[in-house]
Amino acid sequence: MRDAGVVVTGAGGGIGAALARGFAARGARVVINDLDPDKAKAVADEIGAIAVPGDASGVVPAARDALGGSIDVFCANAGVAPTGGPEAVDELWAAAWDVNVMAHVRAARELVPDWLERGSGRFVSTVSAAGLLTMVGSAPYSVSKHAAYAFAEWLAATYRHRGIRVHAICPQGVRTDMLAGTGSTGELVLAPTAIEPDEVADALFHGIADERFLILPHPEVAGYYAARATAPDRWLESINHLQQKVERLSHGPGR
Numbered sequence: 081m082r083d084a085g086v087v088v089t090g091a092g093g094g095i096g097a098a099l100a101r102g103f104a105a106r107g108a109r110v111v112i113n114d115l116d117p118d119k120a121k122a123v124a125d126e127i128g129a130i131a132v133p134g135d136a137s138g139v140v141p142a143a144r145d146a147l148g149g150s151i152d153v154f155c156a157n158a159g160v161a162p163t164g165g166p167e168a169v170d171e172l173w174a175a176a177w178d179v180n181v182m183a184h185v186r187a188a189r190e191l192v193p194d195w196l197e198r199g200s201g202r203f204v205s206t207v208s209a210a211g212l213l214t215m216v217g218s219a220p221y222s223v224s225k226h227a228a229y230a231f232a233e234w235l236a237a238t239y240r241h242r243g244i245r246v247h248a249i250c251p252q253g254v255r256t257d258m259l260a261g262t263g264s265t266g267e268l269v270l271a272p273t274a275i276e277p278d279e280v281a282d283a284l285f286h287g288i289a290d291e292r293f294l295i296l297p298h299p300e301v302a303g304y305y306a307a308r309a310t311a312p313d314r315w316l317e318s319i320n321h322l323q324q325k326v327e328r329l330s331h332g333p334g335r
């Protein structure tokens with residue numbers, strides 16, 4: 081990674097900041113993107129990176145200029161996790177789709193032509209285990225993360241032979257502000273096995289060294305994913321039991 085031009089979106093904290101620190105420690109030139117300019121600047125100042133705040137969907141041109149004309153690695157890390165099911169308002173569904181999926185598509189639209197021309201490039205998608213499984217309490221998050229995983233998978237299948245490498249990071253709970261905002265559902269479902277953002281970054285760098293597409297900071301997710309594919313009814317039954325626990329926790333005793 082030495083001297084590689086790297087962009088990390090949503091890097092003002094959490095997983096994004098950990099990824100940025102990891103790339104910087106390996107000698108990369110890093111652009112920190114975040115909607116919050118103060119957070120972006122704080123992380124950039126800490127690691128000697130360049131802050132390019134703003135919407136992740138349109139960051140590629142400015143980030144490319146900041147890096148001197150070339151991006152080698154793009155980490156599509158920014159994400160939102162609205163709660164609710166079909167009753168969630170259209171604005172929440174649209175936000176989840178725009179940030180969790182279309183920001184990845186828009187970045188790839190800008191990056192892929194250059195990468196194909198030079199025969200190299202690396203796209204890192206922070207998906208979440210929800211993209212392989214599901215997330216109790218949040219249909220917009222679950223659906224959009226499934227789509228994010230599908231897009232990363234499509235990129236890998238389409239361009240692997242032309243030098244573009246793709247990685248999909250799929251952790252379960254990670255101790256970030258997003259986890260803190262999930263309330264009782266996160267406390268029950270994710271907090272017991274939650275890991276630190278640095279552990280997610282370490283898993284990515286091991287995956288890059290091995291050229292692995294699927295990065296599982298929680299290795300047990302592989303077993304859950306296999307169960308979902310081979311015994312879907314049994315798997316759905318177990319998730320529904322989890323849903324019932326969440327409802328009992330939310331409604332209190334006797335409900």
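In our numbering, each number is its position in the sequence shown, counted from 1, plus 80. Ideal Cβ placement from N, Cα and C applies to all residues, glycine included.
Measure the C-alpha to C-alpha separation of residue i and residue j and round it to an integer number of angstroms.
i	j	result
Gly149	Arg106	21 angstroms
Ala309	Trp315	9 angstroms
Trp173	Gly217	14 angstroms
Tyr221	Leu196	31 angstroms
Arg335	Thr163	Since pLDDT at Arg335 reaches only 42, below the 50 mark, its modelled position is unreliable, and no value is offered.
His226	Leu329	27 angstroms
Pro272	Phe203	30 angstroms
Ile319	Ala161	19 angstroms
Ala100	Glu279	13 angstroms
Enumerate in chain order the residues of its own chain whose CB-to-CB distance from residue i is below 6 angstroms, with the five nearest sequence positions on each side excluded.
i	result
Gly243	Gly199, Ser200
Arg144	Ile151
Val86	Phe103, Ala108, Val110, Val153
Val140	Ala187, Glu190
Arg255	Ala274, Glu276
Asp116	Gly92
Given residue i, which residues of its chain have a CB within under 7 angstroms of its CB, disregarding the five upstream and five downstream residues?
i	result
His184	Ala156, Ser205, Ala228, Phe231
Can you tell me whether residue i is helix, strand or coil according to DSSP?
i	result
Leu294	strand
Thr206	strand
Ala143	helix
Arg82	coil
Ser318	helix
Val254	strand
Ser218	strand
Ala281	helix
Val132	coil
For residue i versus residue j, is the C-beta distance shorter than 7 angstroms?
i	j	result
Gly211	Cys250	yes
Ala142	Val123	no
Ile130	Ala146	yes
Ala158	Val301	no
Ala219	Gly253	no
Starting from residue i, follow its DSSP beta bridges and name the residues at the other end.
i	result
Ala184	For the record, residue 184 in the displayed sequence is His; it is not Ala. DSSP lists no partner for His184.
Ala156	Ser205
His50	What the structure shows of the chain is the stretch from 81 to 335, and residue 50 is not part of that stretch, so it cannot be assessed.
Ile275	Val254
Under 8 angstroms Cβ to Cβ from residue i, same chain only, skipping five residues before and after it: list those, please.
i	result
Ala283	Ile249, Pro251, Ile295, Leu296, Pro297
Asp178	Ser137
Asp83	Gly107, Ala108, Arg109
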